[in-house]
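J.:
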Amino acid sequence: MSGLGSLLDGLATAFAPINLLACFGGALVGTLIGVLPGLGPVATISILLPVTYYLDPTAALIMLAGIYYGAQYGGSTAAILVNLPGEASSVVTCLDGYQMARQGRAGKALAISAIGSFFAGCVATILIAIFSPPLIAVAQSFSAVEYTSLMSLGLVGAMVLARGSLLKAFAMTVLGLLLSLVGTDPEVGTRRMTLGLPDLYDGMGFVVVAMGLFGIAEILRNVDSGDTRALVSAKLDRPWPTRRDLRDAAPAIGRGTAVGSLLGVLPGGGAILSSFAAYAIEKRIARHPERFGTGVIEGVAAPEAANNAGAQTSFIPMLTLGIPANAVMALMVGALMLHGVTPGPTLIDEKPELFWGVIASMWLGNLMLLVINLPLVGLWARLLLVPYRVLFPGILLLCCIGVYSVNNNVFDLYLLAVFGVLGFVLAALDFEPGPLVLGFVLGPLLEENFRRAMALSDGDGSVFVTRPISAVVLAIAVVLLAFTLMPAVRRQRELAFKE
Amino acid sequence: MERLRETDFWAGFLCMAVGGVALLLLADTRMGTMAAMGPGFMPVWLARILIGIGAVVALFSRSSGPLTLDARVLRPLVLLIGGIVLYALALRPAGFALTSFALLLLAAAAGRGVRWLEALIVAALGSAAATVLFISILKINLPVWPS
């Protein structure tokens, strides 16, 4: 069956009333948390994880997916109207989006960001539908060797793409892997690094780790910033962009979509990186790069298209290989496992209605988001008038409840405090937590596959280079590393991250 | 001693310390061989690598310049982290409603220029809303009031 044909079947699944409702609910909640600064998809999805237990797996995944890409839409609203990124992936949207708003073009900026996101979402949906089946066909022949190499490539990718020193990013990756191995060894049952605490026998949850390192750190960073933000204009201009705006924005949307789709697939990539890269590229190729930051429409269109495309294509490695590309995807894997569904190459045959239903719902969800966002923007704007000093205690409370509700275990709250402090220390020492989280997410999978690969080859490490697919994957990783270490590229990279 | 002021010295030091602690904890864990890895194989090697990177970063890297610490961030750090610990301690004995109220109030104190009346109202409304949402609707298994 061709990918696009199955996509139509998927649409039928997505149009089932319960799935429509799940999709709408997810998109709405996603927009809400996207608008609120400091409350990310990781916190929200972990709070809502127990709720999905009452849904069937398809509806559950549709809702969680809606939260993730909905958050990208909402994040841009906050960025444009109050110069405060609701989501980390909207940081660059602030630069030109807020300037546009100050010039009385807020409606146009919001419209372009919604249209760009919608276009990117549609393209990403089609890309997932086209590329997943062949990828799955290849993946079915993968052994532990290929999985080990693929995950190594993912970790190298996250290191290369992290801000700052490559060596320190490497350290974070290793630390993440090490932390993920705390707990009972799955093969022989020996307890490792548990400090004798029974609560650590099952290891630490990634919700705790991700929320401590990102969520708590985010509140700490913003809490002292004071309340300098103000809604730019109480009355929005008409949200319809002019013909000229569209002409200016269209190529940028196209480029942003391409960049986002590509980077989203990379483990450790996803929405945040996509938007940064897209903005940097727009600036590089623009005829007047000095105009960026003064309210040019391309500076809004490209990153917004990119973060939405990236959010969606990051589903590809999870749905086809069972490898989560970031903490949000790890949560999705967790949600599926809760229902006894193991994501991986066999998913498409075992549960075609889930696989295609979720993909089709993304397109539907993007359409709903357009409706949720454009006419209701005034409502979201009013929400933004609530000052941060009123919001952040609530955000902290939601983080605590989210962490507690995953296992109904008070111990996880102590862990949250520990990782909150660790996040603070890491930030002070200029460490980037991104690679740590990816290492933590991939660690157990990596150990399992590496162990199996070595057992099958009788301890002969050369299998990684004699098996063709594995060799190619590792070669890409090496080239990526070597390329990043080249002095010229290194300077460019430092420059790019400074912007 | 110039080196002690570099951010990267302490960054590397942290890596070495964490790696060292991990090795201590793993001292009795069986390593096994390449073909039949024991439970200690991966974590011990990861800890060794971490110590190695840490040493290089501590001695040679200067990617981040001198270490600067802003004392003003200590107050929110202590209050927010303290709030989480307090929440964990009090949640079961004191119940969801009161503990949430206390956390909201404590967190509000972390900000600059605290407005106590506003904070009180927010904490009262917030904990009430959270109780309805999480205990009544989402049915998280927790006592609402002290038992």
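Going line by line, the protein sequences match chains A and B. First residue of the first sequence? That's 0 in numbering that gives the first Met the number 0, and the numbers climb one at a time after it. First residue of the second sequence? That's 0 in numbering that gives the first Met the number 0, and the numbers climb one at a time after it. The C-beta atom is built at its ideal place from N, Cα and C for all residues, glycine as well.
(1) Compare the C-beta of MET30 (chain B) with all C-beta atoms of chain A and state if any pair is closer than 8 angstroms.
(2) In terms of residues, what are the limits of the alpha helix (DSSP H) holding MET367 (chain A)?
(3) Return the chain-ordered list of same chain residues with a C-beta closer than 7 angstroms to the C-beta of VAL327 (chain A), the five sequence neighbours on each side being excluded.
(4) How would you label ARG243 (chain A), buried or exposed, when you count the other beta carbons within 10 angstroms and need 16 or more for buried?
(5) Measuring alpha carbon to alpha carbon, tell me which of A:LEU174, A:ALA170, A:LEU437 and A:LEU199 ends up nearest ASP184 (chain A).
(6) According to DSSP, is THR293 (chain A) part of a helix, a strand, or is it coil?
(7) Indicate, with yes or no, if the ligand NAP has a heavy atom lying under 7 angstroms from the CB of HIS338 (chain A).
(8) Compute the distance between the beta-carbons of VAL363 (chain A) and CYS22 (chain A), then report whether it is under 8 angstroms.
(9) Which class does GLY31 (chain B) belong to by DSSP, given the choice of helix, strand or coil?
(10) May I ask you to report which of helix, strand or coil DSSP gives ARG190 (chain A)?
(11) What separation, rounded to the nearest whole angstrom, lies between the Cα atoms of VAL389 (chain A) and ASN82 (chain A)?
(12) Could you name the residues that DSSP lists as bridge partners for PRO65 (chain B)?
(13) What do you reckon, are the CB atoms on GLU431 (chain A) and ARG162 (chain A) nearer than 8 angstroms?
(14) For the alpha helix (DSSP H) containing ALA108 (chain B), name the first residue and the last one.
(15) Rounding to the nearest angstrom, what Cα-Cα distance links ALA168 (chain A) and PRO142 (chain B) in this structure?
(16) Hey, out of B:ASP69, B:ALA107 and B:LEU97, whose CA is closest to ALA426 (chain A)'s CA?
(17) Indicate whether at least one CB of chain B lies closer than 8 angstroms to the CB of ASN307 (chain A).
(18) Candidates A:ILE475, A:SER461 and A:ALA470: which alpha carbon is nearest ALA34 (chain B)'s?
(19) Within this structure, are the beta carbons of GLY37 (chain B) and ARG29 (chain B) separated by less than 8 angstroms?
(20) On the premise that GLY419 (chain A) lies in contact with ILE215 (chain A), defined as a C-beta separation below 8 angstroms, what is that separation, rounded to the nearest angstrom?
(21) Give me the chain B residues within the contact set of SER404 (chain A), using Cβ-Cβ distance strictly less than 7 angstroms, ordered along the chain.
(22) TRP379 (chain A) lies in the alpha helix (DSSP H); which residues open and close that run?
(23) If we require 4 or more residues per run, which alpha helix (DSSP H) segments fall completely within the stretch 106-165 of chain A?
(24) Evaluate the contact criterion for the stretch 301-320 of chain A versus the stretch 59-79 of chain A: three or more CB pairs, one atom per stretch, below 8 angstroms.
(25) What is the DSSP secondary structure of GLY18 (chain B), counted as helix, strand or coil?
(26) Sort out for me which residues DSSP pairs THR183 (chain A) with in a bridge.
(27) In whole angstroms, give me the CA-to-CA distance for ILE315 (chain A) and ARG74 (chain B).
(28) If you draw a straight line from the alpha carbon of ALA128 (chain B) to that of LEU45 (chain B), how long is it in whole angstroms?
(29) On the criterion of 16 or more Cβ atoms from any shown chain inside 10 Å, does MET317 (chain A) qualify as buried, or is it exposed?
(30) Under 8 angstroms, CB to CB, which of the residues in the stretch 43-65 of chain B have a partner in chain A?
(31) Let me make sure I understand the geometry here. Which of A:SER148, A:ILE271, A:SER5 and A:ILE400 has the alpha-carbon closest to that of LEU137 (chain B)?
(32) Among the residues of its own chain, which have a CB less than 6 angstroms from the CB of ALA59 (chain A), if the five just before and after it don't count?
(33) Can you check which of these residues, A:ALA78, A:LEU47, A:GLN98 and A:TYR53, is closest to ALA64 (chain A) by C-alpha distance?
(34) Suppose you measure from the CA of ALA233 (chain A) to the CA of LEU373 (chain A); what does that come to, to the nearest Å?
(35) Between ILE80 (chain B) and chain A, is there a C-beta pair that is closer than 8 angstroms?
(36) Would you check if there are 3 or more beta carbon pairs closer than 8 angstroms linking the stretch 46-56 of chain B to the stretch 12-26 of chain B?
T.: Judging by the given coordinates:
(1) No - not a single Cβ of chain A is within 8 angstroms of the one on MET30 (chain B).
(2) Here the alpha helix (DSSP H) through MET367 (chain A) covers 351-372.
(3) Listed in chain order, the non-local C-beta contacts of VAL327 (chain A) below 7 angstroms within the same chain comprise PRO40, VAL41, ILE44 and TYR67, local neighbours out to five positions each way being set aside.
(4) With fewer than 16 other Cβ atoms within 10 Å, it is exposed.
(5) Checked all of A:LEU174, A:ALA170, A:LEU437 and A:LEU199; the closest Cα to ASP184 (chain A) is A:LEU199.
(6) It is coil, neither helix nor strand.
(7) Among the components modelled here there is no ligand, and therefore nothing to report on the ligand NAP.
(8) For the record, residue 363 (chain A) in the displayed sequence is Leu; it is not Val. Yes. Within cutoff.
(9) In this structure, DSSP gives GLY31 (chain B) an extended state, which the three-state scheme calls strand.
(10) Note: ARG190 (chain A) maps to strand in three-state DSSP.
(11) In this structure, the alpha-carbon of VAL389 (chain A) lies about 18 angstroms from that of ASN82 (chain A).
(12) As DSSP reads the structure, PRO65 (chain B) sits in a beta bridge with B:GLU5.
(13) Yes, Cβ-Cβ distance for GLU431 (chain A) and ARG162 (chain A) is below 8 angstroms.
(14) Here ALA108 (chain B) belongs to no alpha helix (DSSP H), and DSSP marks it neither H nor E.
(15) Straight across, the Cα-Cα distance linking ALA168 (chain A) with PRO142 (chain B) is about 43 angstroms.
(16) Closest option to ALA426 (chain A), Cα to Cα, is B:ASP69.
(17) ASN307 (chain A) does not count as touching chain B.
(18) The shortest C-alpha separation from ALA34 (chain B) is found at A:SER461.
(19) It is a contact, given that the beta carbons lie within the stated cut-off.
(20) With a beta-carbon spacing of about 3 angstroms, ILE215 (chain A) and GLY419 (chain A) fall inside the 8 angstroms limit used to define contacts.
(21) Those within 7 angstroms of SER404 (chain A) in chain B are ILE139.
(22) First-last of the alpha helix (DSSP H) with TRP379 (chain A): 376-383.
(23) Taken in chain order, the complete alpha helix (DSSP H) segments of 4 or more residues contained in the stretch 106-165 of chain A are 143-160.
(24) In short, these stretches touch, since the Cβ pair count reaches three.
(25) Helix.
(26) BP columns for THR183 (chain A) point to A:ARG190.
(27) Taking the straight line joining both Cα atoms gives about 43 angstroms.
(28) For ALA128 (chain B) and LEU45 (chain B), the distance between alpha carbons rounds to 45 angstroms.
(29) The Cβ neighbour count for MET317 (chain A), taken over all protein chains shown within 10 Å, is at least 16; the residue is labelled buried.
(30) Within the stretch 43-65 of chain B, the residues whose Cβ lies closer than 8 angstroms to some Cβ of chain A are LEU45, ALA46, ILE48, LEU49, ILE52, GLY53, VAL55, VAL56, SER60, SER62 and SER63, listed in chain order.
(31) Considering only alpha carbons, the answer is A:ILE400.
(32) Counting only residues of its own chain and dropping the five nearest sequence neighbours on each side, ALA59 (chain A) has a CB closer than 6 angstroms to the CB of THR51 and ALA334.
(33) Sorting A:ALA78, A:LEU47, A:GLN98 and A:TYR53 by C-alpha distance to the C-alpha of ALA64 (chain A) places A:LEU47 at the top.
(34) Here the model assigns ALA233 (chain A) a pLDDT of 45, short of 50, so the residue's position is not dependable, and the following value carries that caveat. ALA233 (chain A) and LEU373 (chain A): Cα-Cα distance of roughly 16 angstroms.
(35) Closer than 8 angstroms to the CB of ILE80 (chain B) there is at least one CB belonging to chain A.
(36) In short, these stretches touch, since the Cβ pair count reaches three.
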